[in-house]
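K.L.:
Number of protein chains: 2
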Amino acid sequence: MGTRVVIVGAGFGGLSAAKALAKSPFDVTVIDRHNYHLFQPLLYQVATAGLSPADIASPIRGILARAPNVSVILGRVSGIDTERREVLADGRRIPYDTLILATGAQHAYFGHGDWAAHAPGLKTIDDATYIRRRILLAFEKAETETDPAERARLLNFVIVGGGPTGVEMAGAIAELANRALAKDFRAIDPRSARIVLVEAAPRLLTPFDPPLSAAARTSLEQLGVEVRTGAPVTALDDSGVSIGTERIETRTVVWAAGVMASPAGQWLGAETDRAGRLKVTPDLSVPGHPDIFVIGDTAALNDAKGNPLPGVAPVAKQQGQYLARLLRAREAGKALPPFRYRDYGILATIGRKRAVIQMGRFKLTGFLAWVLWSVAHIYFLIGFRNRFVVALNWMWNYVTFQRGTRLITGMSGAKVEELPMPADEKEILRRAS
Amino acid sequence: MGTRVVIVGAGFGGLSAAKALAKSPFDVTVIDRHNYHLFQPLLYQVATAGLSPADIASPIRGILARAPNVSVILGRVSGIDTERREVLADGRRIPYDTLILATGAQHAYFGHGDWAAHAPGLKTIDDATYIRRRILLAFEKAETETDPAERARLLNFVIVGGGPTGVEMAGAIAELANRALAKDFRAIDPRSARIVLVEAAPRLLTPFDPPLSAAARTSLEQLGVEVRTGAPVTALDDSGVSIGTERIETRTVVWAAGVMASPAGQWLGAETDRAGRLKVTPDLSVPGHPDIFVIGDTAALNDAKGNPLPGVAPVAKQQGQYLARLLRAREAGKALPPFRYRDYGILATIGRKRAVIQMGRFKLTGFLAWVLWSVAHIYFLIGFRNRFVVALNWMWNYVTFQRGTRLITGMSGAKVEELPMPADEKEILRRAS
């Protein structure tokens with residue numbers, strides 16, 4: 001039996017490591033709490049009824065089926081026994097020689113745990129179908145609501161956080177209201193919905209250059225989104241959001257404002273930064289634990305200029321691939337230079353035909369940027385089927401403005417008023433407080 | 434304002450009535466507890482990871498968007514005030530001049546309410562994703578199970594009921610195990626899974642002629658399904674099923690054995706048959722209530738030969754269309770002959786390339802029957818998009834034996850052991866006991 005490599009998490013980082021170790025002499029085990037890999041950059045499309053969960057998720061076992069040296073365990077890791085070199089999951093102990101922690105991040109409310117119940121975040125498929133249900137139910141309730149104040153509240157939507165997720169959610173909700181739902185109701189006009197995007201920083205999309213932030217803002221405003229920058233949320237409850245002295249009454253708030261690394265730092269009792277990320281050495285191992293590596297959103301690492309690497313898929317993927325090379329090199333008695341991130345650029349989409357792209361000095365906005373964004377995302381989606389169905393769905397949405405997936409599921413047996421909160425949300429509440 | 438027609442339920446019956454009343458002088462309101470119409474005949478494909486929920490469900494508002502005289506209310510009906518002619522839903526009162534009850538059926542355990550927790554039935558999307566989760570989790574648990582007895586129990590699957598749903602489920606689970614999952618696991622061989630179909634009657638598919646029942650049985654056995662006929666279930670708990678003296682140990686039982694009409698009979702305090710269906714007059718109205726009509730699975734009506742009409746989509750659809758004609762005729766001061774069902778035949782599919790079809794004296798089995806079955810189902814699916822995506826998905830499944838939708842959702846934040854039961858299941862438990 002070869003060296004035992006255990007990978008916790010099958011996101012972009014863990015999966016790229018596992019794929020790069022396929023058909024190697026290593027004995028690889030991938031542990032994830034879900035049975036699928038999720039293409040998170042398109043999760044907002046599930047939350048806004050543009051795509052089905054299966055369009056952006058692919059069973060991990062299927063992806064790794066042709067790698068006989070890789071096995072997959074569906075399980076929830078609760079700790080690491082670094083003395084005995086074992087991963088603890090669902091009461092079992094899984095031994096490792098080398099451990100790769102690729103456990104990602106979750107949304108965080110930074111000291112406002114009570115906000116979680118009113119402002120769900122977007123990290124998992126269950127989060128996305130829950131947000132989809134909340135958005136669609138707000139329109140349904142508004143249709144039968146007789147009190148004008150409550151009706152207005154139901155037709156207000158606030159997105160907190162002006163990063164890529166917040167910008168994408170705001171654009172997609174605006175198009176849902178203005179186009180897909182426009183003719184569906186009799187008592188209300190969905191086009192009268194008010195969508196407000198709130199950002200604490202002075203501009204949207206801070207990782208982009210200011211002209212691109214401004215272009216994104218203009219595009220959103222043309223879609224009817226109200227943008228508030230320099231506006232930190234000071235209060236949030238089940239009937240609205242306060243930004244300084246301004247109060248926005250709403251029943252639907254989406255949280256896209258902050259993430260926190262997974263609890264991997266706690267498992268190891270090792271040093272983390274403010275966002276819970278583990279500090280790693282240049283070869284991505286944990287100081288004092290040369291057999292434990294951390295990649296993706298759980299790792300805190302700076303680039304050559306001293307800037308922290310962003311929490312995006314390409315960083316995680318390149319780190320996973322780097323580790324596979326590193327382990328193979330070490331097995332052959334060789335060394336490898338430290339990890340170095342190759343930045344191919346960042347992009348964000350606004351609604352159905354605009355995007356902003358920044359690749360070094362090259363910048364692009366508008367429709368052409370959207371086309372590039374679409375091609376890139378379809379290309380990176382795992383599995384031919386998903387890629388093809390996503391392309392088809394998009395084309396269909398683009399041509400017709402219909403959204404075929406606007407289903408309110410997970411509420412059979414419940415009254416409309418009783419919105420069941422997914423197990424996930426309860427977990428977030430628990431963690432946040 | 435025109436005559437107010439309220440339709441409760443947007444299944445095949447209610448929706449066909451609503452569509453046939455589109456752009457009429459009637460003021461139509463459709464009330465449903467879901468925001469989508471469900472193409473129930475393909476629900477077993479969602480439960481066995483062949484299709485996504487959105488492939489077989491279509492938002493009711495979207496279907497009726499171009500009918501300005503039709504409005505849609507998402508709500509749960511709890512009773513009818515026949516004196517004041519009002520429907521009670523979520524604390525609201527919706528007035529009607531004419532009422533159409535098309536509330537369908539739900540699975541029933543006929544005196545064995547305690548079986549519901551161990552043997553979920555298949556009527557809603559949440560039922561289907563719940564069963565999908567149970568089936569996929571059984572394989573996941575078997576992969577990490579070390580006790581051989583428990584592992585065998587996890588790899589046994591029992592389907593109770595040999596009607597079309599039971600036959601289709603058994604065939605689809607067999608193909609999932611033998612094909613789609615075959616290469617996904619390391620510790621178990623999914624092909625060793627045992628699938629048992631149990632039917633109390635002496636043969637499968639009793640509405641079909643005996644040679645077709647025999648053909649269906651042979652096809653199932655060729656897929657590896659064990660068929661037990663004349664075998665009523667005598668006990669059922671969380672570790673297995675008893676058929677007379679035989680005990681089959683299993684963790685996964687699917688209930689396809691019985692349905693019960695919706696509680697519409699109770700709402701009216703009117704006479705129902707043993708299965709809870711309301712007896713109706715030849716014009717589909719409730720005796721003593723000429724302004725209240727009942728169609729589909731909730732209505733008990735015999736054909737010209739005195740045989741009860743089956744609980745299938747074409748009956749419900751034709752009844753809905755008949756009612757629309759009847760109401761238009763009455764508005765014009767005319768009369769209409771009694772409802773008469775035109776039987777175009779029955780069909781059931783077995784796995785990925787066989788079916789049985791019976792149209793009067795014409796009978797067909799095997800691959801050609803499957804092709805006909807596929808064409809018929811794709812044709813009847815509502816909405817171009819769904820039809821197209823379903824065709825694509827099927828082709829893809831057919832060519833590759835992959836199942837892209839085998840996602841275990843609705844369990845984030847929970848341990849693998851803690852299978853959350855959907856609200857729906859709790860409701861069924863409550864009703865069943």
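So the sequences go chain by chain: A and B.
Reminder that position 194 of the first sequence reads as 194 in this note's numbering, one-by-one numbering, no gaps.
Reminder that position 1 of the second sequence reads as 434 in this note's numbering, one-by-one numbering, no gaps.
From the three backbone atoms N, C-alpha and C, an ideal C-beta is built for every residue, glycine too.
Within a Cβ cutoff of 7 Å, which residues of the same chain sit near P528(B), ignoring the five residues on either side of it in sequence?
P.N.:
R437, R518 and E519.
K.L.:
In three-state terms, what does DSSP make of G599(B)?
P.N.:
In this structure, G599(B) counts as helix in the three-state DSSP scheme.
K.L.:
Should the segment 60-70 of chain A be regarded as contacting the segment 322-341 of chain A, the criterion being three or more beta carbon pairs within less than 8 Å?
P.N.:
With a cut-off of 8 Å, the segment 322-341 of chain A and the segment 60-70 of chain A do not count as touching, because too few Cβ pairs lie within range.
K.L.:
Check the Cβ-Cβ distances between S652(B) and every residue of chain A, and say whether any is below 8 Å.
P.N.:
No, because no Cβ of chain A sits closer than 8 Å to the Cβ of S652(B).
K.L.:
List the residues of chain B whose Cβ lies closer than 9 Å to the Cβ of H107(A), in chain order.
P.N.:
Neighbours of H107(A) on chain B: none; closest Cβ ~12 Å, over 9 Å.
K.L.:
Among D27(A), R186(A) and H34(A), which residue has its Cα nearest to the Cα of L327(A)?
P.N.:
The residue with the shortest Cα to Cα distance from L327(A) is D27(A).
K.L.:
Strictly below 9 Å CB to CB, what residues from chain A border K452(B)?
P.N.:
Within 9 Å Cβ-Cβ: nothing; K452(B) doesn't reach chain A, min ~15 Å.
K.L.:
Going straight from the alpha carbon of G162(A) to that of V227(A), what length do you get?
P.N.:
Rounded to the nearest angstrom, the two C-alpha atoms are 9 Å apart.
K.L.:
Which residues bound the beta strand (DSSP E) around V713(B)?
P.N.:
Here V713(B) belongs to no beta strand (DSSP E), and DSSP marks it neither H nor E.
K.L.:
Along the segment 32-47 of chain A, where does the CB come closer than 8 Å to a CB of chain B? Name the residues.
P.N.:
Flagged, chain order: R33, H34, N35 and Y36.
K.L.:
Would you call the segment 547-563 of chain B in contact with the segment 725-744 of chain B, where contact means no fewer than 3 C-beta pairs closer than 8 Å?
P.N.:
Flag = no, the segment 547-563 of chain B and the segment 725-744 of chain B do not touch.
K.L.:
Need the endpoints of the alpha helix (DSSP H) that W700(B) sits in, please.
P.N.:
Its alpha helix (DSSP H) spans residues A697 to L701.
K.L.:
Whose CA, out of F543(B), P643(B) and A585(B), lies closest to the CA of G691(B)?
P.N.:
Nearest C-alpha to G691(B): F543(B).
K.L.:
Is K456(B) close to chain A? Criterion is C-beta to C-beta, closer than 8 Å.
P.N.:
It does not; no Cβ of chain A falls within 8 Å.
K.L.:
Could you give the DSSP three-state label for Y812(B): helix, strand or coil?
P.N.:
Helix.
K.L.:
If the cut-off is 7 Å on Cβ atoms, which residues from the segment 102-136 of chain A count as contacting chain B, listed in chain order?
P.N.:
Under the 7 Å Cβ criterion, the segment 102-136 of chain A contributes T124, I125, D126 and L136.
K.L.:
How is the beta strand (DSSP E) around S78(A) delimited, first residue to last?
P.N.:
It spans V77 to D81 - the beta strand (DSSP E) in which S78(A) sits, taken as one unbroken run.
K.L.:
Are the CB atoms of T144(A) and I506(B) nearer to each other than 8 Å?
P.N.:
Yes, they are a contact pair.
K.L.:
Can you give the beta carbon distance from G778(B) to G799(B), rounded, assuming they're within the 8 Å contact cut?
P.N.:
In fact, because the Cβ distance is near 16 Å, the residues do not count as touching under 8 Å.
K.L.:
What whole-angstrom Cβ distance do G265(A) and G13(A) have, given they're in contact under 8 Å?
P.N.:
Going by Cβ atoms, the distance from G265(A) to G13(A) rounds to 16 Å, so no, they are not a contact pair.
K.L.:
DSSP three-state call for I606(B): helix, strand or coil?
P.N.:
Note: I606(B) maps to helix in three-state DSSP.
K.L.:
Exposed or buried, which one is T245(A) when buried takes at least 16 other CB atoms within 10 Å?
P.N.:
It counts as exposed.
K.L.:
T252(A) CB to nearest chain B CB: under 8 Å?
P.N.:
Not closer than 8 Å to any Cβ of chain B, the Cβ of T252(A) fails to qualify, so no.
K.L.:
Going by the DSSP bridge assignment, what does K796(B) pair with across the sheet?
P.N.:
For K796(B), which the question treats as bridged, DSSP gives the partners Q791(B).
K.L.:
For a test of the three-state rule: what should DSSP assign to A105(A), helix, strand or coil?
P.N.:
DSSP places A105(A) in strand when its eight states are reduced to three.
K.L.:
Once the 5 residues before and after T272(A) are set aside, which same chain residues still bring their CB inside 6 Å of it?
P.N.:
Cβ within range, chain order: G265 and L278.
K.L.:
State the Cα-Cα distance for the pair D642(B) and Q791(B), rounded to the nearest angstrom.
P.N.:
Cα to Cα, the separation comes out at about 8 Å.
K.L.:
Am I right that V686(B) and G604(B) are in contact with their C-beta atoms under 8 Å? What's the rounded C-beta distance?
P.N.:
17 Å between Cβ atoms; not a contact.
K.L.:
Suppose the cutoff is 7 Å on Cβ atoms and the five residues either side in sequence are ignored; what does the same chain contact list for K426(A) look like?
P.N.:
Any reading at K426(A) needs caution, since the residue's pLDDT is 44, under 50, leaving its predicted position unreliable; the model's value is listed next. So no residue of the chain qualifies.
K.L.:
Tell me T129(A)'s beta-bridge partners as DSSP assigns them.
P.N.:
DSSP output for T129(A) lists no bridge partner at all.
K.L.:
Could you check what DSSP says for V660(B) in three-state terms: helix, strand or coil?
P.N.:
Of the three classes helix, strand and coil, the one that applies to V660(B) here is strand, per DSSP.
K.L.:
Whose C-beta lies closer than 6 Å to the C-beta of P665(B) among residues of the same chain, with five residues either side of it excluded?
P.N.:
Cβ neighbours of P665(B) beyond the five flanking positions: A633.
K.L.:
So, does the CB of I440(B) fall closer than 8 Å to a CB anywhere in chain A?
P.N.:
For I440(B), the answer is no, since every Cβ of chain A falls outside 8 Å of its Cβ.
K.L.:
Do we get a CB-CB distance below 8 Å when we pair I408(A) with the residues of chain B?
P.N.:
Yes, I408(A) counts as interfacial toward chain B.
K.L.:
Indicate the three-state DSSP secondary structure (helix, strand or coil) for L347(A) in the structure shown.
P.N.:
Strand.
K.L.:
Nearest to V8(A) by alpha carbon, out of A102(A), R217(A) and W373(A)?
P.N.:
Of A102(A), R217(A) and W373(A), the residue nearest in Cα terms is A102(A).
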